[in-house]
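According to mature numbering (1 follows the signal peptide of the UniProt record, and there is no 0), the sequence shown holds residues -18 to -1, 1 to 169 in order.
Note that beta-carbon positions come from the ideal geometry of N, C-alpha and C, so glycine has one too.
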Amino acid sequence: MRTVTNFVITIAAVTLFAACGNTQKPAESDPHAGHNHAPGEGHGAAVEKTVARVSLKDDKLNAVYQHYTHLTVALVNGDMAEAKVAANAIELGSKELSNGSGLTALAAKIGAAADIEVQRTVFSDLSNDFIAKVKNSGLTSGELYVEYCPMALNDKGASWLSNQKDIKNPYFGDSMLTCGEVKETIK
């Protein structure tokens, strides 16, 4: 239990350290308007934020969520090795889910990838699957945000799940850290 608590505290600290905000509202006519696309912009001192504790109704899915958060942070930071560690944990945890075979296979692909761009591409499919599972499960506490970047995957667009409204884009990392918007809140 102590290890899990330390892991959660570590993830929360990393998430808080990486926090940069994008408070602009995108224009309706231009999906790229209002997104910060300048390299390195907004990367000054860390902004301290309070991140609400999130808990899913399904305990096994909640355990996988902790690893999903770890994976997201690793991709935001451009850390391929850490993304592999998180993906391997998702792969193991998703085997415990009754409907986790899709997550298991996708996490295995991320863990085996030799390139961070491949990891990010597969992360899109993993995120879509995981978001559907979270919506189906529901939350017992906190809020999660479905965030979306229209420029991800060569302008095809891609979503991910976050425990905070501030955008930290796992598809571009530092090159366009705050590109994206909150599309939905899961309560």
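The three-state reading of DSSP puts residue 160 in coil, since its state is none of H, G, I, E or B. Taking the C-beta atoms as reference points, residue 108 is found no nearer than 8 Å to residue 168. Sorting 123, 99, 158 and 85 by C-alpha distance to the C-alpha of residue 132 places 158 at the top. Between the region 36 to 47 and the region 70 to 84, the count of C-beta pairs closer than 8 Å reaches three or more; the two stretches touch. With respect to residue 128, residue 149 sits apart: the two C-beta atoms are not nearer than 8 Å.
Rounded to whole angstroms, residue 119 and residue 110 show a C-alpha spacing of 14 Å. Contact between residue 145 and residue 126 holds, since their C-beta atoms are separated by about 6 Å, short of 8 Å. By the beta-carbon neighbour count (other beta carbons within 10 angstroms, threshold 16), residue 102 is buried. A residue is called buried when at least 16 other Cβ atoms come within 10 angstroms of its Cβ; residue 37 does not meet this threshold and is exposed. Of the candidates 154, 86 and 147, 147 places its Cα closest to the Cα of residue 163. Residue 64 and residue 93 have their alpha carbons spaced roughly 10 Å apart.
If you draw a 10 Å sphere on the C-beta of residue 115, you find 16 or more other C-beta atoms in it, and that means buried. Counting the other Cβ atoms within 10 Å of the Cβ of residue 106 gives 16 or more, which makes it buried. If you check the CB distance, residue 165 and residue 141 come in under 8 Å.
The three-state reading of DSSP puts residue 57 in helix, counting H, G and I together.
Nearest Cα to residue 96 within the set 138, 61 and 134: 61. In the same chain as residue 71, and ignoring 5 residues on each side of it, the C-beta atoms closer than 6 Å to its own belong to 49, in chain order. Between residue 67 and residue 99, the alpha-carbon positions lie close to 16 Å from each other.
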